[in-house]
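**Q** My questions will all concern the structure given below.
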Amino acid sequence: MGNDWKENLASFFEGISILEISKKETIENFNQFCEFIVEPGFESLDEELKQFGIKSKSSKSKGKSITFQINFPKSRIDNFQYIIFLPKNSLELKLKLRIRGRKSKKSLMEEKEGTFMENVEPLDILKLKKEDIILDVIEYYRRFKYEAHGKPG
């Protein structure tokens, strides 16, 4: 930084502007990711789960998160939730994953949080296919159900 305070001030505001543009683009990319990749995946999975007597639904909070909820078989009570979310003030598609579930209809929800698809770089998120999402949901659901059945209580 030079001694010219006007230059410093202009540089500061330019930097803030760049950050705001990056945040806006990241939210737009997240919304595209949800609309063109995640939602079609959730819809396909929803159709398949019906064959097993299991209801599911998805919901989206624009620019923030998308959730896929799986109910207990032949029940309206949610058993498992797969939530992809964009951390606040993100400058890139470094998404997080929140898994919530309950072992029985009367037990409390348990929650785990981590990185969404750790091996996928933020620049490659928009290159994923709906099948990648479906497989990820199934894997987390499978692990959750096996853990729930394997542990007493």
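Here the sequence shown stands for residues -1 to 151, numbered as in the working numbering. Glycine included, C-beta positions come from ideal geometry on N, C-alpha and C.
(1) Output needed for Val135: all residues of its chain with C-beta closer than 7 Å, excluding positions within five of it in sequence on either side, in chain order.
(2) Would you say Glu37 lies against chain B (beta-carbon separation less than 8 Å)?
(3) What ranges does the beta strand (DSSP E) occupy inside the segment 72 to 99, keeping only unbroken runs of at least 3 residues that lie completely in it?
(4) Measuring only the C-alpha atoms, how far is Glu90 from Gln30?
(5) May I ask which residues mark the beginning and end of the alpha helix (DSSP H) holding Ile14?
(6) Ile97 and Ile82: beta carbons closer than 8 Å?
(7) Kindly list the residues whose CB is nearer than 6 Å to the CB of Gly151, restricted to its own chain and excluding five residues on each side of it in sequence; keep chain order.
**A** Looking at the coordinates:
(1) The beta carbon of Val135 sits closer than 7 Å to the beta carbons of Leu43, Phe66, Tyr80 from its chain, once the five residues preceding and following it are set aside; these are given in chain order.
(2) Here there is only one protein chain, and chain B is not present.
(3) Listed in chain order, they are 76 to 83, 94 to 99.
(4) 14 Å
(5) 3 to 31
(6) no
(7) Low confidence applies here, because Gly151 scores a pLDDT of 45, under 50, leaving its location unreliable and the question unanswered by this model.
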